[in-house]
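Chains as they are written, first to last, in UniProt numbering: chain E, 1 to 303; chain H, 1 to 303; chain W, 1 to 303; chain F, 1 to 303. We put the CB at the ideal spot given by N, CA and C, even for glycine. Just so we're clear, the structure is a prediction, and the values are computed from it rather than from any experiment. A quick write-up on the structure given underneath.
4 protein chains.
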Amino acid sequence: MLSVARRPLSAAVPAGNLLGIHLFKCPDTVGIVAKLSERIASRGGNIHSVDVFVPDDKHVFYSRSEFTYNPKLWPRDELHKDFLDLSHYFSAQRSTVRVPDLDPKYKISVLASKQDHCLFDLLYRWREGRLPVDINCVISNHDRSEDNHVRRFLQRHGIPYHYLPTTSGNKREQEILELIQDTDFVVLARYMQILSESFLQSYGKDIINIHHGLLPSFKGGHPSRQAFNAGVKLIGATSHFVTTELDAGPIIEQMVERVSHRDTLQSFVVKSENLEKQCLAEAIKSYCELRVLPYELKKTVVF
Amino acid sequence: MLSVARRPLSAAVPAGNLLGIHLFKCPDTVGIVAKLSERIASRGGNIHSVDVFVPDDKHVFYSRSEFTYNPKLWPRDELHKDFLDLSHYFSAQRSTVRVPDLDPKYKISVLASKQDHCLFDLLYRWREGRLPVDINCVISNHDRSEDNHVRRFLQRHGIPYHYLPTTSGNKREQEILELIQDTDFVVLARYMQILSESFLQSYGKDIINIHHGLLPSFKGGHPSRQAFNAGVKLIGATSHFVTTELDAGPIIEQMVERVSHRDTLQSFVVKSENLEKQCLAEAIKSYCELRVLPYELKKTVVF
Amino acid sequence: MLSVARRPLSAAVPAGNLLGIHLFKCPDTVGIVAKLSERIASRGGNIHSVDVFVPDDKHVFYSRSEFTYNPKLWPRDELHKDFLDLSHYFSAQRSTVRVPDLDPKYKISVLASKQDHCLFDLLYRWREGRLPVDINCVISNHDRSEDNHVRRFLQRHGIPYHYLPTTSGNKREQEILELIQDTDFVVLARYMQILSESFLQSYGKDIINIHHGLLPSFKGGHPSRQAFNAGVKLIGATSHFVTTELDAGPIIEQMVERVSHRDTLQSFVVKSENLEKQCLAEAIKSYCELRVLPYELKKTVVF
Amino acid sequence: MLSVARRPLSAAVPAGNLLGIHLFKCPDTVGIVAKLSERIASRGGNIHSVDVFVPDDKHVFYSRSEFTYNPKLWPRDELHKDFLDLSHYFSAQRSTVRVPDLDPKYKISVLASKQDHCLFDLLYRWREGRLPVDINCVISNHDRSEDNHVRRFLQRHGIPYHYLPTTSGNKREQEILELIQDTDFVVLARYMQILSESFLQSYGKDIINIHHGLLPSFKGGHPSRQAFNAGVKLIGATSHFVTTELDAGPIIEQMVERVSHRDTLQSFVVKSENLEKQCLAEAIKSYCELRVLPYELKKTVVF
């Protein structure tokens, strides 16, 4: 597999200090980083990394900064206000600041269908402390017996499980909307239903999907079979934002693995599942670390 | 990059012996490997590896064997006759035997257009002894001055260069056919012309193409631009056999590289060119080592 | 990480047939593969792959073959007898034949200390069916409470757990020997004790260890700290056979990961643990699939 | 191979602007990035990336910044003065600023012995414009005929070649010192001589060496043979700064490749040479892009 190597969150946080992350999008102008870092310094904080992206001829400025600061000298609400100021000052279209060790974790719901490898992998990583989210519920259109291993896991950890069977006439979107309304974003862990435009508009927040093919190849159903029949030598998985166009939202991560003539449709599926798990987890982790921003119609910045 | 790791040709050849390679395709039955290895042993030779592929329910048997033998005990023409016998015995659809250190190298022609990175890379590998072929000529539909580095290289090594400019009305296929008729196979090193069905039939031998996209995505023109606009996080290159359907022949190799929001269309092209060179060279090398067999309509066995 | 890509076990087994694996070591001579495959064919079986290794000037022949056969035509005990015949015929030093879907799984004991990441990873893979072994017991010199997750797992699956605290004066080797006497091989999953020569001789079978360093660098204690202090840019893990010389037995697998100035000793340990798990699991899997043979004093053949 | 993926130099430089790089080391305090970026902004420039490293409890601050600016508004000598000011202000131990498209390239000398793969690879990359250096001369203690391919290459490009044969009694260090005195740093491209302490002190600038082993394993002579005899499954190469202790200077880059029982000592060497070339080129490129700083006694920061 061809792995990603994002720079990890800064570990060099002085004792008594906290790490803050700031994601920013505004019209391009001179001195944005200077202003940001000056404000942070004026509160006794220190920039640890800044990553700027200014697309050619687009006059848009994107940045992501990590900084450390002393929470006694810079209380959370003042920090918030300071960044709000900066946001107004630069007419920002987006300004998010997070202090991972202080702020509540992102709250998510996970939607799944019959295939549970991505769902279970998320739960497992969550339990190991490697996915910085709170899971408010799992919603599935596939029934699972009480002693199914997903059900047992959820029960043991007090996460509600909602079985909402869908039909072509009833996608249960209203009930889903109610269950997910308090979340920060939603994850489709191989949820095999297309969400309607009105659902997407009503929810209004980000939805991250995992597609078991190397988009834009192999959209729609049975991508592993499509890839198998096409005689490819590489298969892949793609995590992306959900938009109204099927499997065409901005791509966050892609992963690939080699296949050969010896691989069967079944081993394509096994290899794909392994990719899907890692690709989805990586996308969620990046999202929670404020690395991901949609960009133009079909693109993402992933700092 | 996600590299391939083919098992290298056996290096453990006893002094005075030679390495032979045998590629075989026939209806599946019992005892094929036994018969092959018995014949080899009866001549004092030894099997070093056998790789068999029998697709599910297809009743076809593919194998590739490497063996060492003493050429004094088993002269080349008798070796040939022995494998021909076996071929008849098993009603083989394909039986090729090569002794790389004895047989003439495969003779190829290379067709190119303006972009010369693949062409020059092939020439460079050839000079370094890493591509076991003889190049009988280079044909290009793009003019190059006498002191162009490709021209200089070819001149220094006595390889003819033919400039055959193409128009929509005249693809120069007849002249190309004459130039390539003595070759064992043909390589399209970014030759930006579609070859006609009648050309393919007249030539009748294998043609290997490099496509600068991860097929079946991004067929046709400007695949790097297509990929750039699609916001992919991975770009790739594909070497494949040429068939009458554009960019849809059986895939031999695929290679990928990561891209990010920081990549420009230009850096997509640079990364792609690097992939194309490696992907094409790997395909040619595999082909010459008798590892590659088309399989079903769109697939290949690559031992 | 730089992953290994062993060819998977042949999946193309005709209905009603079984896959057999044969590992062989004997003095080199002409016609060994021919004889093996002829015997298999005479029973209606078919070779699927043969891999031969004849080290330069060593006059030793190693081979590993996969074949499929009909168990009704070739009962297990006759198959055994046939390969025993061949073994005598070629004066083999080693001849092992396995039919994974018929033969009992290899029985192992796992020894561990305080760090349980390798132990738990093995148990998890075993439960998922990805490690073809039976675990007869887990032995630890570190106490674990009744509701420790390893203990719970073992209890749920009926695997005995033995707590045998060691002191410098009492390594509990006699008790360990009794517990492991029925096993096929033993796995040290970060067991932080050196086993005595007499223990190794008494047990007499293979013991596989995982070392959290890239041997022969960083032998002995605290290899992560040693690597950290040496300012390396790559860390690794090594699985190897245990011999009387500390951390110097024949290497089976090695895996590496990048580190940078940003990594702390703690993140070295985290990355190392991830490598250790995969490196140990891969070694055990290869061993069970008859791919591994010690070779010369310090080397292994890993087909 | 496990490749490195340094973030490439920022390509998003507005028309008429230039990219500047600044490397900084000073005692840690509050507001360093703020001060740096404010100064850049005050000249109409913009920070594109900042990467800070503050080792635990070391009270040292390292940073590397990329910025773009208009050279008409900020002439090179004023830019220089501004950063000198900052350097004084923070009592910096190190402050280097480079404008790659304006400043002269780093001037280097390359020392080589008989093995010329690294030397030739450097020359080739240099000619392709992929190594941003000027080569003032090549020094070798191995004779090469006039029509050797290295000699021809150097002659064609007007780079002096000095043959300085060494004996155990005469290392020719005085003559070498004279030849390299105008360089910015020196590259040992498999120069098989140990440089004396007085030589290192006299030169006083950085010397980058390539070692054909995975340090700290396999120091000294014949590392490939050492690795071969140790039965490793991974071989590597290491580029590092030269210090008075043999093969023990701070490591800049390391690269690895898989080997197996099939590899011979000769194929170890071939694989190693491939690693050495890439590892050395990567180190030089990183150095020229101001990414590399020695850190503590045996470590490097490689931004």
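Exercise for the section: Select from F268/H, Y69/H, Q181/H, A189/H the residue whose C-alpha is nearest the C-alpha of H222/H. Expected result: Taking only the C-alpha atoms, the option nearest H222/H is F268/H.
Practice task
Might you give, ordered along the chain, the residues of its own chain that have their beta carbon closer than 8 angstroms to the beta carbon of K233/W, omitting 5 neighbours on each side?
Solution key: R258, V259, S260
Practice task
For the alpha helix (DSSP H) holding S267/W, just list the boundary residues, first then last.
Solution key: 265-288
Exercise for the section: Could you check the C-alpha separation between I135/H and R125/H for me, to the nearest Å? Expected result: 12 angstroms
Problem - Which of helix, strand or coil DSSP assigns to I194/F - result: Taken through DSSP and simplified to helix, strand or coil, I194/F comes out as coil.
Practice task
Could you tell me which residues DSSP pairs with P27/W in its beta bridges?
Solution key: V60/W
Practice task
Return the chain-ordered list of same chain residues with a C-beta closer than 7 angstroms to the C-beta of P104/H, the five sequence neighbours on each side being excluded.
Solution key: If we look at P104/H and ignore the five residues flanking it on each side, it has no Cβ neighbours.
Handout entry: K299/H - DSSP class collapsed to helix/strand/coil
Key = Looking at K299/H - three-state DSSP - the assignment turns out to be strand.
Practice task
Please state if the CB of V150/H and the CB of V110/H are separated by a distance shorter than 8 angstroms.
Solution key: no
Practice task
Sort out for me which residues DSSP pairs L234/H with in a bridge.
Solution key: R258/H
Practice task
Could you tell me the boundaries of the alpha helix (DSSP H) in which D134/W lies?
Solution key: Segment 133-140 is the beta strand (DSSP E) holding D134/W; no alpha helix (DSSP H) there.
Handout entry: Interface positions of the segment 241-252 of chain H facing chain E (Cβ-Cβ less than 7 angstroms), listed along the chain
Key = If the cut-off is 7 angstroms between Cβ atoms, the segment 241-252 of chain H has P250, I251 near chain E.
Practice task
Return the CA-CA distance between L200/W and A5/W, expressed in angstroms with no decimal places.
Solution key: Across the structure, L200/W and A5/W are spaced so that their CA atoms are roughly 31 angstroms apart.
Exercise for the section: Determine the burial state of D147/W: buried for a count of at least 16 other Cβ atoms within 10 Å of its Cβ, exposed for fewer. Expected result: Flag for D147/W reads exposed.
Exercise for the section: Please confirm whether L290/F and R130/F have their CB atoms less than 8 angstroms apart. Expected result: No.
Exercise for the section: Check F53/F in the structure and name its three-state DSSP category. Expected result: strand
Handout entry: Of the residues T183/E, N141/E, S239/E, the one placed nearest K277/E, counting alpha carbons only
Key = Ranked by Cα distance from K277/E, the options T183/E, N141/E, S239/E are led by S239/E.
Handout entry: Closest residue to S49/W among F61/H, K81/H, G44/H (Cα-Cα distance)
Key = F61/H
Practice task
List the residues of chain F that T300/W touches, going by C-beta distances under 9 angstroms, in chain order.
Solution key: Against chain F, a Cβ distance below 9 angstroms from T300/W picks out G231, K233, H261.
Exercise for the section: Compare the C-beta of V270/W with all C-beta atoms of chain F and state if any pair is closer than 8 angstroms. Expected result: no
Exercise for the section: Specify, as a first and last residue, the run of the beta strand (DSSP E) that K107/H falls within. Expected result: 106-112 is the extent of the beta strand (DSSP E) around K107/H.
Problem - Cβ shell of D101/E (< 8 angstroms), same chain only, five flanking positions each side left out - result: L18, L19
Practice task
Pick helix, strand or coil for S217/F, following the three-state DSSP scheme.
Solution key: coil
Problem - Positions along the segment 32-50 of chain F whose CB lies within less than 9 angstroms of some CB in chain E - result: Within the segment 32-50 of chain F, contact with chain E at the beta-carbon level (separation under 9 angstroms) is assigned to I32, V33, A34, K35, L36, S37, E38, R39, I40, A41, S42, G44, G45, N46, I47, H48, S49, V50.
Handout entry: Limits of the alpha helix (DSSP H) - the one that F90/W falls within
Key = Counting along the chain, F90/W falls outside any alpha helix (DSSP H), and DSSP gives it neither H nor E.
Practice task
Counting only the same chain and skipping the five closest in sequence on each side, list residues whose C-beta sits under 6 angstroms from that of F53/E.
Solution key: Y62, V301
Exercise for the section: Would you mind telling me which residues of chain H sit closer than 9 angstroms to residue 309/W, beta carbon to beta carbon, in chain order? Expected result: Because residue 309/W is not part of the residues shown, which for chain W are 1 to 303, the question remains open.
Problem - Counterpart residues of H211/W in DSSP-defined beta bridges - result: T238/W
Practice task
Report the three-state DSSP secondary structure of N70/H (helix, strand or coil).
Solution key: coil
Practice task
Locate the alpha helix (DSSP H) running through L179/H, then write down its first and last residues.
Solution key: For L179/H, the enclosing alpha helix (DSSP H) has its first and last residue at 173-180.
Handout entry: H263/H classed as buried or exposed, judged by whether at least 16 other C-beta atoms fall within 10 angstroms
Key = The sequence given here places Asp at residue 263/H; His does not occur at that position. So D263/H ends up on the buried side.
Exercise for the section: Would you verify that the beta carbon of S267/H is, or is not, closer than 8 angstroms to some beta carbon of chain F? Expected result: Chain F has a Cβ within less than 8 angstroms of the Cβ of S267/H.
Problem - Cutoff 8 angstroms: A11/H Cβ touching any chain F Cβ - result: Taking Cβ atoms only, chain F reaches closer than 8 angstroms to A11/H, which makes this a yes.
Handout entry: Simplified DSSP state of P294/E, which is helix, strand or coil
Key = Judged by DSSP in its simplified three-state form, P294/E adopts strand.
Exercise for the section: Consult DSSP for N46/H and reduce its assignment to one of helix, strand or coil. Expected result: strand
Practice task
Indicate the three-state DSSP secondary structure (helix, strand or coil) for S37/F in the structure shown.
Solution key: Reduced to three states, the DSSP call for S37/F is helix.
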